[in-house]
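Below is one structure; the comments refer to it alone.
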Amino acid sequence: MNRAETIADVLRRPVLTRPVLAHEVSERLVQGLGARSTVVEWTATVPQLADAIDTALGAGHALVIERQGGDLIGTCQCGRRLGRINPATRLDALAVPWERHTSGALAATA
Ligand SMILES: [Zn+2]
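Heads up: the sequence shown is residues 1 to 110, going by my numbering.
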């Protein structure tokens with residue numbers, strides 16, 4: 001499957017890691033309707049849909065640590081910023097939020 005096919009596939013039937021929650025309903029919702037019908041097959045927020053496409057494309061969640069000036073910047077490979085620490089600080093300050101982010105993505109509590 002090429003990228004366009006993968007994206008089309010997700011748009012037809014996204015695999016959401018968590019259902020739409022009440023507090024997210026203020027977001028714009030995207031709905032998938034059945035073929036030639038008005039029956040809603042799925043409902044998702046835009047970020048959820050983006051996340052589903054991202055997951056389908058196989059973007060990883062590796063911890064990336066970069067030096068910037070005198071500080072260390074932690075980001076997840078998916079783009080989530082984890083923080084900026086001074087090199088004397090234990091790397092746990094970046095690893096713990098990263099672990100929470102990746103396990104949250106898996107356990108559907110992000
Ligand atoms: Zn990530």
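Ideal placement from N, C-alpha and C gives every residue a C-beta, glycine not left out.
Just so we're clear, the structure is a prediction, and the values are computed from it rather than from any experiment.
- With at least 16 other beta carbons inside 10 angstroms of its own, Val10 counts as buried.
- Here the distance from the Cβ of Arg18 to the nearest heavy atom of ligand 1 is not below 6 Å.
- Gly74 counts as buried, since no fewer than 16 other beta carbons sit within 10 angstroms of its beta carbon.
- DSSP, read as helix, strand or coil, puts Val20 in coil.
- Burial is judged here by how many other beta carbons sit within 10 angstroms of a residue's own beta carbon; Pro19 has fewer than 16 and is exposed.
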